[in-house]
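Protein sequences, first through last, are from chains A and B.
The first sequence maps to residues 0 to 213 in numbering that gives the first Met the number 0.
The second sequence maps to residues 0 to 263 in numbering that gives the first Met the number 0.
Glycine residues also receive a C-beta, built at the ideal position from the N, C-alpha and C atoms.
Below: one structure, written as structure tokens.
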Amino acid sequence: MNDFTTWDVFRNLLAAVPWTIYLSLIAFAGGAAVSLLLLCLRFAFPRAAGTPVRLYVQLFQGTPLLMQLFLVYFGLALMGVQTTPLFAASLCLSVYSSAYLTETWYGCVLAVPKGQWEASSSLGLKHWQQMLLIVLPQALRLSVPPTVGLMVQIVKNTSLASIVGFVELTRASQIIANATFEPFLAYGAVAFIYFVICFSISLCGRHLEKRIRI
Amino acid sequence: MSNLAPSAALAPALPVSASSGAAIELVGVNKWYGDFHVLRDIDLTVNRGERIVICGPSGSGKSTMIRCINRLEEHQQGSIVVDGIELTNDLKRIDEIRREVGMCFQHFNLFPHLTILENLTLAPIWVRKMPKKEADELAMHFLAKVKIPEQAHKYPGQLSGGQQQRVAIARALCMKPKIMLFDEPTSALDPEMVKEVLETMVSLAEEGMTMLCVTHEMGFARQVANRVIFMDAGQIIEMNEPEAFFSNPQHERTRLFLSQILGH
Ligand SMILES: Nc1ncnc2c1ncn2[C@@H]1O[C@H](COP(=O)(O)OP(=O)(O)O)[C@@H](O)[C@H]1O
Ligand SMILES: [Mg+2]
């Protein structure tokens, strides 16, 4: 055995927290950007873009993130394209989140009652004005709880990046578990850290929800 | 039926103000939802300043008919001319008509994320391109008219149903419409709030607004309508002045309906 204290375990794990957070932020920002683009396409060209967007969402929701990660990381390497674990993980997590965000946000726009469209139509507002002034602000409010839920999922999903060797929280905990021969302490500590991160996000979400209640 | 005082300023029916062509003209209008024939050969001319009450059993096509007039629904056959403009697929015409036709819904459909004042000024600012200050003044004028100026900075969710419906009426009036459509404006309200909304509508009638109103408030119909229409199964079955309509309905279906609605 060696002289790792509990504090040493935590200290080493905490050093990996920023990477988990970076990866989560990249995944969320990338996912949000892609899904906003897809939503614009879907609402601007419902006929032409509807099916491709739906297929995209189905494809990435319907396959395990782990397989997507393997395919990108090892598949690209096989084709002779150099990738880094960070790049592969960012790309896969972004695409994966974009699928869920697109689906969720689309649902939020549809969830705005039909009467809101009718009332604004009857006042003579143009379609883009209805969307911008009436529907999107309400959809935004509706989207807060599910979006916060998805952010928590994203944080937890970043743990999969450990599979391709990216050293974030989970990978760090594996290394520490191996070095200390105290897997229970290492994994228990990392689970606790994940919980703290996710719980903080939920708290912020609840606060935001209260502030913008309709 | 209605909670309105029987003695109101309006005698049985107001004189129709000087007309210059019909306000609304429906000729041979037919509409289907898929296979379902919801409007059958509707012919209806509404003169300027005229107030028409439409009644009939649920599902008879009353809402569909008035919603065709501002193109919330599309008709498939026949012609609808509103304020001299024929409704076609031309978006410009639809917009033009919607600027002249106000509508109130059963469930108010106020914009919950905007204050009462913002609900009222939205369309004048974005559709009429009115400066904000002017729009605010206009909105306060109409809020005073529906007797709730003190609620201007609240949100719709903070108001009672009756107040919300009066805001909805004021919101439509801010566009200075020539025609107002009402789709069962009081049927979602608690009984004690029906009166305040009907009073607002009566005062609108007194000012000579052209009104098409789907309602089962027969007291209101007697008081302000020039004509009452009975619809059933997508058709206009009967149309008459209120006095004759209520005292001497011509059709069996009208009699049956009236006996149900009047509760004897
Ligand atoms: N969007 C729709 N699609 C299919 N059927 C509809 C639709 N809207 C209304 N209907 C049907 O059309 C009929 C007339 O509806 P409506 O005009 O709302 O009746 P009313 O207002 O007289 O109660 C009803 O049978 C209703 O079920
Ligand atoms: Mg109806």
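- The beta-bridge partner set that DSSP reports for Q76/B consists of N29/B.
- Listed along chain A is no residue with a C-beta nearer than 7 Å to that of D135/B; the closest approach is about 17 Å.
- At least one CB atom of chain A sits nearer than 8 Å to the CB of R97/B.
- L77/A and V71/A have their C-alpha atoms roughly 10 Å apart.
- Between A26/A and I174/A, the gap from beta carbon to beta carbon reaches 8 Å or more.
- Here the alpha carbons of I133/A and M129/B stand approximately 19 Å from one another.
- Per DSSP, the beta-bridge partners of A21/B are N46/B.
- L172/B is outside the set of residues whose beta carbon lies under 8 Å from a beta carbon in chain A.
- Residue state for F141/B is assigned as helix, using DSSP reduced to three classes.
- For N118/B, the enclosing alpha helix (DSSP H) covers residues I115 to W125.
- At a cut-off of 4 residues, the continuous stretches assigned as alpha helix (DSSP H) that sit fully inside the stretch 81 to 159 of chain A are 84 to 110, 113 to 121 and 135 to 156.
- Listed along the chain, the chain B residues whose CB falls inside 9 Å of the CB of L132/A are F110, L113, L121 and W125.
- Under the Cβ distance rule, E117/A counts among the residues neighbouring chain B, one pair being separated by less than 8 Å.
- In this structure the stretch 64 to 83 of chain B does not touch the stretch 143 to 154 of chain B; the number of beta carbon pairs closer than 8 Å is below three.
- Of the residues R98/B, A232/B, A220/B and L211/B, the one whose Cα lies closest to the Cα of I65/B is L211/B.
- For C173/B, there is no enclosing alpha helix (DSSP H), since its DSSP letter is neither H nor E.
- M238/B and L124/A have their C-alpha atoms spaced approximately 34 Å apart.
- Ligand 2 has a heavy atom closer than 7 Å to the beta-carbon of D182/B.
- Contacts with chain B (Cβ-Cβ distance below 8 Å) from the stretch 44 to 77 of chain A involve no residue at all.
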